[in-house]
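Novice: What follows is a structure written as C-alpha cells; I'll ask about it next.
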Amino acid sequence: MKLEPLIYEISVPGRCGVRLPEVDVPTTDLPQDLLRAELDLPEVSEMDVIRHYVRLSHLNYGVDKGFYPLGSCTMKYNPKVNEDAARLPGFAGLHPRLGIDETQGALMLMYYLQTWLAEISGMKGVSLQPAAGAQGEFSGILMIRKYHLDRGDGKRTRILVPNSAHGTNPATTSMAGLEVVELPSDENGDVDLAALRAACDDTVAGMMITVPSTLGLFERHMLEVIEAVHGCGGLMYMDGANMNAMMGVLKPGEIGFDVMHYNLHKTFSTPHGGGGPGSGPVACNEKLLPFLPGPIVAEIEPGDDEQPPLYGWHMPEKSIGRVKAFHGNFGMLVRAYTYIRENGGPGLRDVSYYAVLNANYVLALLRDTYHVPYDRFCGHEFVMEGRWKDAPGIHALDISKRLMDYGYHPPTNYFPLIVPEALMIEPTETESKETLDAFAETLKTIAREAHENPELLHEAPHITPVGRVDEVLAAKQLVLCCVPIPDWAEQPPTLSTQSA
Amino acid sequence: MSKVEQGLKYTQSDEWIRVEGSVGVIGLTDYAQEALNDIVYVELPDVGATFAKGESFGSVESVKAASDMHMPVSGTVTEINEALQDAPETVNSDPYGAGWFIKIAISNPTELNDLLDADAYEKYCAERE
C-alpha cells in the first residue's frame, strides 16, 4: 500500500520549479572545496510540490480538523491571531545576533511575558529559555541541586516522585544525576502521606509533583505534602504541564512551591502538533532566583513619563547557565504573549474554569458506561478504564482505534500506569457542548459494540488511510527506509552515513 | 486467567524467584507479562553486579509501558539470559521457563520469608482484576 510517494520518487531528471534570470552581475567562483559535483535534490515542478504536500496534509489529523482529547497534552484550539502576531515582520525577521538597540520590542515582549508568567504562578522570576516542558523540568531540578550544593549540602541526592507523576519527572531526576524515590498513591489517588513522611530525611533534595496529577486529580493533602518536604529541608518542584486547570485560581508560589515549569505549547495555545517546537519556561521563588538559567531579560535603565525603560540581558549571579541557544523558541513566546493579551486575567481564569467544567461534564456522561477508578471531581482531565469483565479480549487500544473510525483522535492510552487499560481524556475549554455530547455518545456506542461485536473493535480502524499498525514491529525495527539498503547488513550505518 | 506456578516465591511488584540451593532464578510473572502486552525490549544487568532487595536490576519494555525489574531478595548476578536480547517475546510466551531474566547468588536467604507464596500471589492478582 502506498498512500503517497516520497518527493524523491516523483522526481524527474531535468524538471525544474524555478527559472532563474540571466546573471547580470559579475560572478565569483566558489572555493573548490565547497563545491559538489552531485547534489541529491528532487527535481520537481512547483505544482508537483504543492500537490504532494497538500495530499500529505490530507492524511494527517490535527486539532484544526477535529476533536483531539489527548490527555496530558492539552490539545486546545490555537487561535489564528497568534499566528498573525508571530508573523509580524518585526518579530519574524529578527536576527538573534542583533544588539539590544535593535530589539527593544522583542525584549519588551519577553520581559512582559516573564512578568506575567511570574504573576500567574505566584513566583518571583522566570526564564524563558527552556525549549520544552522536559527541559524546563531539567532546569528546575538542576537549580534545586545547585541550591543545595551552594549551601555546602552535598548529601541531598534523592528526589521524591509520586507514581501519579508525568513520566518525564523520574527521567529528569536521573538526567540531573539524582536518585528517584517513587512514592505510592493512596486508595483515593492522593500521595500516600505515611510513605512520604517515611521517605523525608536529610538526603532529600526535593520532590517533583504533577498538579493536577496524571489522574486528573488535585492532591487533597497538598499543604501537608509541601510541609513534610520543606520540613526535611527539601524543595518543592511543581510540574506545571497541567496548569490549564488552575490559572487564576491557584498560584503555586503562594502555597509553597519553590520552582515549576510551564508548557506554553499546552496552556498558552502555541501549536505542538508534529512534536514542536515547544516552550517550557521555568519559574521560581526568591530562594532560587540566583540559579535561573540565563541570561534573562531585565530593565537595565528605568523608564519615565517620556521614555520607556531600556531592556537588556541579565545573567543571574549563580545561574545554572544557558540551556538553549539564543533566547528560547522566540516564535512561541510571541504566540503565548498574544494569547495572554487576548484573554486578560479574567479570561485566563475562565479558560481554566471551562477546561475543568468540560472534563467533569464528559466524566459525568461516561461514568456509568466506563469504570472510573478514582471517581471524584476531576481537574482538566480524567482517567477511565477501557475494559469490562463481560467483554473479554477488549483493551483500551481497541477502543482508541475504534474512535478513529468515528473521526476522533484517540485519548492517551495506557497512562498513567496505576490504572489498568487507562484511557486519559482531556477535552480542553475550546470544545462546545455539542462536540462533547457527540464524543460521549460515540464512546457509549463503542462500549455497546465491544460487547456485541468485538471484532469491529479488534480490526479497527477501518476507514483511516492506514489501518491497524504492527506496534511490536514499530518498536523493534528502528531502521526506517523507503528502499532496502543491502550494504547495511554487512556494514551497519554510522552516524555520518545516516546524516548524509 | 493468568497462571501462577506453585513452588515459586513472588513479589508485589510481580517478579518471581525459583530457589535452587543458594541460587535464585528471577523472572516476570505471567500476570505482569499479560498486563504489559507484547514485550519488545529487556534490559539486563552485568554478571557480577550486586543489588539489594527491592533495588532495580533491569527493565522491561512493552508496546504499552516500560517498567523496572526489582530484586526479590539481595544477591549477586551470576548469569543473565542473553537470549532475551534478541527474543524478548519469550517473556510473553514462557514467563516461568525460557523467559527467565537473571540468576543470582542469594546473599541473605532469610529475606525469602518476606515474599508471597503462590496462593498469596494468586489472591493478590485476583484483587487487582
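Quick mapping for you: the protein sequence lines, in order, are chains P and Z.
Count along the first sequence starting at 1, add 161, and that's the number in the numbering used here.
Mapping to the numbering used here: the second sequence position 122 is 102, numbers consecutive.
Don't be surprised by glycine CBs; every beta carbon is placed ideally from N, CA and C.
Out of P:Leu200, P:Leu449, P:Gly439 and P:Lys427, which has the shortest C-alpha to C-alpha gap to P:Gly367?
Specialist: Counting from one through the first sequence, the residue named residue 367 of chain P turns up at place 206. Ranking the options by Cα distance to P:Gly367, first place goes to P:Leu449.
Novice: Just checking, does the segment 240 to 258 of chain P make contact with the segment 582 to 590 of chain P on the three C-beta pairs under 8 Å criterion?
Specialist: Because the criterion of three Cβ pairs below 8 Å is not met, the segment 240 to 258 of chain P and the segment 582 to 590 of chain P do not touch.
Novice: Could you tell me which of P:Val224, P:His256, P:His422 and P:Ala253 sits nearest to P:Thr329, measuring between CA atoms?
Specialist: In the first sequence, counting from the first residue as 1, residue 329 of chain P sits at position 168. Nearest option by C-alpha distance: P:His422.
Novice: Below 7 Å CB to CB, which residues in the same chain sit around P:Leu597 once its five sequence neighbours on both sides are set aside?
Specialist: Within the first sequence, residue 597 of chain P is the residue found at index 436, counting from 1. Excluding positions up to five away in sequence, the list reads Asn519, Tyr522, Val523 and Pro588.
Novice: Under the three-state reduction of DSSP, which class applies to Z:Cys105: helix, strand or coil?
Specialist: Taking the second sequence and counting its residues from 1, one reaches residue 105 of chain Z at position 125. Of the three classes helix, strand and coil, the one that applies to Z:Cys105 here is helix, per DSSP.
Novice: Could you tell me the alpha carbon to alpha carbon distance between P:Cys234 and Z:Asn17, rounded to whole angstroms?
Specialist: Position 73 of the first sequence, counted from the start, is the residue given in the question as residue 234 of chain P. Position 37 of the second sequence, counted from the start, is the residue given in the question as residue 17 of chain Z. Going from the Cα of P:Cys234 to the Cα of Z:Asn17 covers about 24 Å.
Novice: Which residues in chain Z sit within 9 Å of P:Ala295, going by Cβ to Cβ distance?
Specialist: Looking up residue 295 of chain P in the first sequence gives position 134. Within chain Z, no residue comes near P:Ala295; the closest Cβ sits about 16 Å away, beyond 9 Å.
Novice: Just mark P:Cys539 as buried or exposed, buried being the case when its beta carbon has 16 or more other beta carbons within 10 Å.
Specialist: For the purposes of this step, residue 539 of chain P is identified with residue 378 of the first sequence, where counting begins at 1. Classification for P:Cys539: buried.
Novice: How about the segment 366 to 380 of chain P and the segment 390 to 400 of chain P: do they share at least three Cβ pairs that are nearer than 8 Å?
Specialist: Yes, the segment 366 to 380 of chain P touches the segment 390 to 400 of chain P.
Novice: At which residues does the alpha helix (DSSP H) containing P:Gly301 begin and terminate?
Specialist: For the purposes of this step, residue 301 of chain P is taken as residue 140 along the first sequence, with counting starting at 1. Residues Gly294 to Asp311.
Novice: I'd like to know if P:Leu578 contacts chain Z, where contact means its C-beta is closer than 7 Å to some C-beta of that chain.
Specialist: Reading the first sequence from its first residue, position 417 is the one you call residue 578 of chain P. For P:Leu578, the answer is yes, since a Cβ of chain Z falls inside 7 Å of its Cβ.
Novice: The alpha helix (DSSP H) spanning P:Val215 covers which residue range?
Specialist: For the purposes of this step, residue 215 of chain P is taken as residue 54 along the first sequence, with counting starting at 1. Per DSSP, P:Val215 belongs to the alpha helix (DSSP H) from Glu207 to Leu220.
Novice: Within 7 Å (strictly less), CB to CB, does P:Ala326 reach chain Z?
Specialist: Taking the first residue of the first sequence as 1, we reach residue 326 of chain P at position 165. For P:Ala326, the answer is no, since every Cβ of chain Z falls outside 7 Å of its Cβ.
Novice: When the cut-off is 7 Å and only beta carbons count, does Z:Lys44 lie next to chain C?
Specialist: No chain C appears in this structure, whose protein chains are P and Z.
Novice: Report the three-state DSSP secondary structure of Z:Asp48 (helix, strand or coil).
Specialist: Counted from its first residue, the second sequence places residue 48 of chain Z at position 68. Z:Asp48 falls in the strand class under three-state DSSP.
Novice: Over the uninterrupted beta strand (DSSP E) stretch that includes P:Asp400, give me the two end residues.
Specialist: Counting from one through the first sequence, the residue named residue 400 of chain P turns up at place 239. First-last of the beta strand (DSSP E) with P:Asp400: Leu396 to Gly401.
Novice: Run through DSSP, which three-state label would P:Trp277 get?
Specialist: Position 116 of the first sequence, counted from the first residue, corresponds to residue 277 of chain P. Reduced to three states, the DSSP call for P:Trp277 is helix.
Novice: With a cut-off of 8 Å on the beta carbons, I'd call Z:Glu102 and Z:Val(-16) a contact; round off their distance for me.
Specialist: Numbered from its first residue, the second sequence carries residue 102 of chain Z at position 122. Numbered from its first residue, the second sequence carries residue -16 of chain Z at position 4. Going by Cβ atoms, the distance from Z:Glu102 to Z:Val(-16) rounds to 4 Å, so yes, they are a contact pair.
Novice: Curious, which full-length alpha helix (DSSP H) runs of at least 4 residues does the segment 420 to 481 of chain P contain?
Specialist: Correct list: 425 to 428.
Novice: By DSSP, does P:Ser335 sit in helix, in strand, or in coil?
Specialist: Reading the first sequence from its first residue, position 174 is the one you call residue 335 of chain P. In this structure, P:Ser335 counts as helix in the three-state DSSP scheme.
Novice: Please compile the residues from chain Z whose C-beta is within a distance smaller than 7 Å of the C-beta of P:Val127.
Specialist: Because chain P is modelled from 162 through 661, residue 127 of chain P falls outside the range shown and cannot be assessed.
Novice: Any idea what DSSP makes of P:Asn574, helix, strand or coil?
Specialist: Counting from 1 along the first sequence, the entry for residue 574 of chain P is found at position 413. P:Asn574 falls in the strand class under three-state DSSP.
Novice: Run down chain P in chain order and give the residues with a C-beta less than 8 Å from the C-beta of Z:Ala29.
Specialist: The residue labelled residue 29 of chain Z in the question sits at position 49 within the second sequence. Those do not exist, as Z:Ala29 stays about 17 Å from chain P at its closest Cβ, beyond 8 Å.
Novice: Anything in chain Z within Cβ reach of P:Ala355, meaning under 7 Å, just list it in chain order.
Specialist: For the purposes of this step, residue 355 of chain P is taken as residue 194 along the first sequence, with counting starting at 1. Those do not exist, as P:Ala355 stays about 17 Å from chain Z at its closest Cβ, beyond 7 Å.
Novice: Excluding the five sequence neighbours on either side, which residues of its own chain have a C-beta within less than 7 Å of the C-beta of P:Glu462, listed in chain order?
Specialist: Against the first sequence, residue 462 of chain P aligns to sequence position 301. Closer than 7 Å at the Cβ level, and outside the excluded window around P:Glu462, lie Pro470 and Leu471.
Novice: May I ask you to report which of helix, strand or coil DSSP gives P:Gly232?
Specialist: Within the first sequence, the letter at position 71 stands for residue 232 of chain P. The answer is coil: DSSP assigns P:Gly232 none of H, G, I, E or B.
Novice: Pull out every residue of the segment 2 to 18 of chain Z whose Cβ sits closer than 9 Å to any Cβ of chain P, in chain order.
Specialist: From the segment 2 to 18 of chain Z, only Ala15, Asn17 and Asp18 have a Cβ closer than 9 Å to chain P.
Novice: Applying the 10 Å Cβ sphere with the 16-neighbour rule, what's the burial state of Z:Gln13?
Specialist: Position 33 of the second sequence, counting from 1, holds the residue named residue 13 of chain Z. When all chains shown are included, Z:Gln13 counts as buried.
Novice: Does the beta-carbon of Z:Ser39 have 16 or more other beta-carbons within 10 angstroms, so that it is buried, or is it exposed?
Specialist: Residue numbering aside, residue 39 of chain Z sits at position 59 when the second sequence is read from its first letter. Counting Cβ neighbours within 10 Å, Z:Ser39 comes out exposed, since fewer than 16 surround it.
Novice: Please report how far the alpha carbon of P:Glu244 lies from the alpha carbon of P:Arg528, in whole angstroms.
Specialist: The residue labelled residue 244 of chain P in the question sits at position 83 within the first sequence. The residue labelled residue 528 of chain P in the question sits at position 367 within the first sequence. Roughly 38 Å separates the two Cα atoms.
Novice: Taking the beta strand (DSSP E) that P:Met383 belongs to, which residues open and close that run?
Specialist: To locate residue 383 of chain P, count along the first sequence from 1; it is residue 222. First-last for P:Met383: Met383 to Gly392, but that is the alpha helix (DSSP H), not the beta strand (DSSP E).
Novice: Within the 7 Å Cβ cut-off, does P:Ala497 reach chain Z?
Specialist: By one-based count along the first sequence, residue 497 of chain P stands at place 336. For P:Ala497, the answer is no, since every Cβ of chain Z falls outside 7 Å of its Cβ.
Novice: Which chain Z residues sit within Cβ distance under 9 Å of P:Ala636?
Specialist: Counting from 1 along the first sequence, the entry for residue 636 of chain P is found at position 475. Asp18, Val20, Tyr21, Glu41, Ser42 and Val43, listed in chain order.
Novice: For a minimum of 4 consecutive residues, which ranges assigned as the alpha helix (DSSP H) are wholly contained in the segment 317 to 363 of chain P?
Specialist: Taking only runs of at least 4 residues, the alpha helix (DSSP H) segments lying wholly in the segment 317 to 363 of chain P are 329 to 336 and 354 to 360.
Novice: Check for me: the alpha helix (DSSP H) holding P:Val627 runs from which residue to which?
Specialist: Position 466 of the first sequence, counting from 1, holds the residue named residue 627 of chain P. Premise fails: P:Val627 is in no alpha helix (DSSP H) and is neither H nor E.
Novice: Between the segment 577 to 605 of chain P and chain Z, which residues of the former have a C-beta closer than 8 Å to a C-beta of the latter?
Specialist: For the segment 577 to 605 of chain P, which is checked against every Cβ of chain Z, the residues closer than 8 Å are Leu578 and Pro581.
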